[in-house]
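Residue numbering for the sequence shown follows my numbering, starting at 1 and increasing by one per position. A virtual CB, placed ideally from N, CA and C, is assigned to each residue, including glycine. Please read the structure below before turning to the comments.
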Amino acid sequence: MNTATARIDEGRLQNLLGTMVTELGAAAAGALIVVGDSLGLYKSLATQGPATSGELGARTGTAERYVREWLASQAASGYIDYDPETRRFSMTAEQAAVFADDDSPALMTGGYYSVTSIYRGVETLIERFRDGAGIQWGDHDGCLFCGVAKFFRPSYKAGLVNEWLPALEGVVPKLQGGARVADVGCGYGSSTIIMAQTFPQSEFIGYDFHEHSIEHARAEAAKAGVKNIRFEVATAKDYPGHDYDLVTFFDCLHDMGDPAGAARHVRETLADDGAWMLVEPMAGDDLGDNLNPVGRAYYAFSTSVCTPTSLSQEVGTALGAQAGERRLCEIIETGGFSRVRRAAQTPFNMILEARP
1 MNTATARIDE GRLQNLLGTM VTELGAAAAG ALIVVGDSLG LYKSLATQGP
51 ATSGELGART GTAERYVREW LASQAASGYI DYDPETRRFS MTAEQAAVFA
101 DDDSPALMTG GYYSVTSIYR GVETLIERFR DGAGIQWGDH DGCLFCGVAK
151 FFRPSYKAGL VNEWLPALEG VVPKLQGGAR VADVGCGYGS STIIMAQTFP
201 QSEFIGYDFH EHSIEHARAE AAKAGVKNIR FEVATAKDYP GHDYDLVTFF
251 DCLHDMGDPA GAARHVRETL ADDGAWMLVE PMAGDDLGDN LNPVGRAYYA
301 FSTSVCTPTS LSQEVGTALG AQAGERRLCE IIETGGFSRV RRAAQTPFNM
351 ILEARP
């Protein structure tokens with residue numbers, strides 16, 4: 001289109017330009033969120049109170065001139081507050097919950113580590129757009145793995161034990177009495193460790209095809225002192241064992257090259273009265289249902305991470321992060337499951353329960 005001759009609505013153009021200026025600032029601020037989290041700048045403001053740039057730099061052992069500019073950028077974004085009379089910066093309780101509290105279910109900083117990984121892999125992604133090939137999970141920059149763990153851990157900690165597991169039929173009593181659980185696609189092991197700490201009478205085995213993630217999960221379990229747990233390298237189609245009382249998949253089925261094959265293997269390894277719990281991104285069944293802020297974020301990550309990961313594996317189904325409940329249920333049912341229901345949900349996830 002030749003914009004010199006095309007008829008342009010100036011109002012629409014200015015609205016779009018305004019949006020893009022906002023987006024440009026957000027994209028640039030993402031790297032600074034990682035800086036602030038890594039250096040403890042947010043935590044210092046949240047826990048030690050208001051500070052000037054010099055005071056914050058002294059608290060955190062960072063250079064005042066860099067801190068001054070960082071603080072200005074954060075205040076301009078609305079991530080922190082600025083008092084022009086005292087020249088001090090501070091954080092409200094809400095800002096601290098989003099940026100500084102590792103136990104807050106609203107913590108969002110982890111997502112920006114993953115965004116950093118995406119930007120570092122742009123050239124590879126451009127090539128994959130041209131040739132249609134995939135990108136293996138392990139070939140992404142390491143920020144992706146720590147970012148995924150950091151992003152999902154707060155929601156798992158808030159919802160898994162208190163809401164999601166109790167929403168499954170008869171699962172919690174089994175776990176309290178002593179059950180055998182396989183957590184497939186466990187990544188850094190956050191979900192596995194949370195369950196193992198809560199149900200010490202049960203045995204938990206975390207499986208993931210990414211060796212680095214398994215090594216990290218083992219270290220995290222050792223640090224937490226959890227004894228009823230172990231981690232092994234295995235795929236969703238070949239993890240060992242049988243008669244599991246519970247198999248869990250946290251935010252990973254849509255990343256798999258052959259999710260139908262994974263579903264069949266889960267059925268083969270699950271006890272006849274066992275349950276399969278899947279946590280998947282919240283999505284409607286049609287594209288129009290997902291054209292919203294949550295869908296926007298998930299489609300972006302799906303284009304850069306989820307779809308390429310699936311395409312790099314066998315079959316390459318490439319469900320995408322916004323597959324929707326209807327498509328997910330179809331996949332699950334091909335594995336031999338007769339009952340699938342949405343047991344719980346959050347603004348970001350749907351929790352599905354599948355039974356033989």
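- Counting only residues of its own chain and dropping the five nearest sequence neighbours on each side, Arg218 has a CB closer than 6 Å to the CB of Phe231.
- Met256 sits buried, since 16 or more C-beta atoms from the chains shown fall within 10 Å of its C-beta.
- Fully enclosed beta strand (DSSP E) runs of no fewer than 3 residues occupy 244-250, 270-281 of the stretch 236-312, in order along the chain.
- According to DSSP, residue pairing for Arg7 in a beta bridge does not occur.
- Each of Met108, Arg264, Ala196 was checked against the Cα of Gly177, and the nearest Cα belongs to Ala196.
- In this structure, Ala271 places its C-beta atom within 8 Å of the C-beta atom of Asp243.
- Taken in chain order, the complete alpha helix (DSSP H) segments of 4 or more residues contained in the stretch 165-236 are 171-177, 190-198, 211-224.
- With respect to the 8 Å criterion, Thr317 and Asp258 are classified as neighbours on the basis of their beta carbons.
- Rounded to the nearest whole angstrom, the C-alpha separation of Val247 and Met20 is 43 Å.
- For Asn349, the beta-bridge partners assigned by DSSP are Pro281.
- In the three-state reduction of the DSSP assignment, Arg87 falls in the coil class, being assigned neither a helical nor a strand state.
- A residue is called buried once 16 or more other Cβ atoms fall within 10 Å of its Cβ, and Leu291, having fewer, is exposed.
- Residues of the same chain with a CB within less than 6 Å of the CB of Ala354, apart from the 5 flanking positions on each side, are Trp276, Ile332, Phe337, Val340 in chain order.
- The beta carbon of Gly185 lies closer than 7 Å to those of Asp208, Ala236, Phe249, Phe250, Cys252 in the same chain, with the five residues before and after it left out.
- Residues of the same chain with a CB within less than 6 Å of the CB of Asp81, apart from the 5 flanking positions on each side, are Ser90 in chain order.
- Residue nearest to Glu69 within the set Glu85, Arg59, Gly61, Thr52 is Thr52 (criterion: CA-CA distance).
- For Gly111, the enclosing alpha helix (DSSP H) stretches over residues 109-120.
- With respect to Cys143, Tyr188 sits apart: the two C-beta atoms are not nearer than 8 Å.
- For Phe337, no alpha helix (DSSP H) run applies, since DSSP gives it neither H nor E.
- Excluding sequence positions up to five before and after Asp141, its CB lies within less than 7 Å of the CB of Ser117, Arg120, Gly121, all in the same chain and listed in chain order.
- Going by C-alpha positions, Leu24 is about 21 Å away from Val98.
- DSSP, reduced to helix, strand and coil, places Tyr79 outside both helices and strands of the structure shown, so it counts as coil.
- Sequence-distant Cβ neighbours of Arg87 in its own chain, meaning closer than 6 Å and more than five residues away, are Thr52.
- Apart from the 5 residues on each side of it in sequence, Trp164 sits with its Cβ closer than 6 Å to the Cβ of Ala344, Ile351 in its chain, given in chain order.
- For Thr52, there is no enclosing alpha helix (DSSP H), as DSSP gives it neither H nor E.
- Within the DSSP secondary-structure output, Ala344 pairs in a beta bridge with Ile351.
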